[in-house]
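Engineer: The following block contains the structure, expressed as structure tokens.
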Amino acid sequence: MNDMPPEERLAKLTALEEWLDYQLRTTRAKIRTLEAELERGRRQAQRARDEARWKLEPARDRRTVLHRGGCGIWKGDHGFLSRDEALLALEDESLHVEMCGVCNPEPGLRQT
1223 MNDMPPEERL AKLTALEEWL DYQLRTTRAK IRTLEAELER GRRQAQRARD
1273 EARWKLEPAR DRRTVLHRGG CGIWKGDHGF LSRDEALLAL EDESLHVEMC
1323 GVCNPEPGLR QT
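Numbering-wise (this note's numbering), the sequence shown opens with residue 1223 and increments by one.
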């Protein structure tokens, strides 16, 4: 390339720079797309884990409310219960457990 006149070298280097800039923009766009896909996948997996569990809203007015793990009525992000634990809580008369009227946790507790 050194045997070319400076104008021709500049033109070639400018074309190379534009091509590399295009490649960099394209690569960065692909990275952003893949990062967004991974984040969506993580959120979906978390939502699926939450829906497979239950949670008890602490007693208010002498009643405890059972929710599906993903219910937005009670935002508690701790104290998740397995199916068996939720069934035990329902059997415990001292807890006065009621089903949430919004997320309807009962179908998930039925025997399959």
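We put the beta carbon where it would ideally sit given N, CA and C, even for glycine.
Computed from a predicted model, the values in this text were never measured in an experiment.
1. With DSSP run on the structure shown, which of helix, strand or coil describes D1276?
2. For R1305, report the span of its alpha helix (DSSP H) as first-last.
3. If you compare alpha carbons, which of G1301, C1293, A1270, R1254 is closest to P1280?
4. Residues in the same chain with beta-carbon distance under 8 Å from L1312, minus the five sequence neighbours each way, listed in chain order, please.
5. Looking at the structure shown, is R1265 part of a helix, part of a strand, or coil, going by DSSP?
6. How many whole angstroms separate the CB atoms of L1278 and L1309, which I take to be in contact at a CB cut-off of 8 Å?
7. Per DSSP, what kind of secondary structure is R1290 in: helix, strand or coil?
8. Go through its chain and collect everything with a Cβ distance to R1264's Cβ below 6 Å, but skip five positions before and after it.
9. Suppose the cutoff is 8 Å on Cβ atoms and the five residues either side in sequence are ignored; what does the same chain contact list for L1232 look like?
10. Of the choices S1316, R1305, D1225, I1295, whose alpha-carbon is the least far from that of R1271?
11. On a Cα-Cα basis, can you pick out the residue from S1316, D1314, E1307, W1296 that is closest to G1323?
Structural biologist: Taking the definition as stated:
1. Sequence inspection shows Trp at residue 1276; the Asp mentioned does not correspond to that position. Three-state DSSP puts W1276 in a strand.
2. Counting along the chain, R1305 sits inside the alpha helix (DSSP H) bounded by residues 1305-1313.
3. The residue with the shortest Cα to Cα distance from P1280 is G1301.
4. Only residues of its own chain outside the window of five on either side were considered, and among them L1288, V1319, L1331 have a CB closer than 8 Å to the CB of L1312, listed in chain order.
5. Of the three classes helix, strand and coil, the one that applies to R1265 here is helix, per DSSP.
6. With a Cβ gap of about 12 Å, L1278 and L1309 do not count as contacting.
7. Reduced to three states, the DSSP call for R1290 is strand.
8. Counting only Cβ-Cβ distances below 6 Å, and skipping sequence neighbours, we find nothing.
9. No residues qualify anywhere along the chain.
10. Nearest C-alpha to R1271: R1305.
11. Among S1316, D1314, E1307, W1296, the Cα nearest to that of G1323 belongs to W1296.
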